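Just so you know, we're using this note's numbering here: the sequence shown kicks off at 772 and counts up by one.
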Amino acid sequence: MEIKLYIKYLVFGIPVLIIVFNQLAVYYGRQQVYDSRKWMHYIRNVLVLIWIIAVGIMLMHKYQDKPLTPYPGPRLPTKSK
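Next up, the structure:
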């Protein structure tokens with residue numbers, strides 16, 4: 772249960788950090804500080820990867836108990852001899 776909460780914080784918190792680092796990269800690009808800009812892009816890309824993994828884990832937890840069929844519908848009649 773604690774893991775699910777942690778993943779939820781990651782999924783909803785990391786996009787904010789991604790936006791922050793992206794804006795920092797834009798700012799450093801305008802200031803012509805290209806070394807800092809490169810690091811901001813690097814950190815942002817790592818955060819994007821972590822976010823994708825966190826979303827994947829969340830979806831796995833969400834659908835791990837559910838069957839793959841969309842609904843337990845009526846069975847098709849099988850031909851009996």
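For every residue, glycine included, the Cβ atom is placed at its ideal position computed from N, Cα and C.
Just so we're clear, the structure is a prediction, and the values are computed from it rather than from any experiment.
Under the DSSP assignment, V826 falls in the alpha helix (DSSP H) whose first and last residues are Y805 to Y834. Remark: C-beta atoms of M829 and V782 approach each other more closely than 9 Å.
Per the C-alpha coordinates, the member of Y780, R801 and N793 positioned closest to I814 is N793. When DSSP states are grouped into helix, strand and coil, Q794 belongs to the helix group.
In this structure, I778 lies away from L818, with their beta-carbon atoms at least 9 Å apart.
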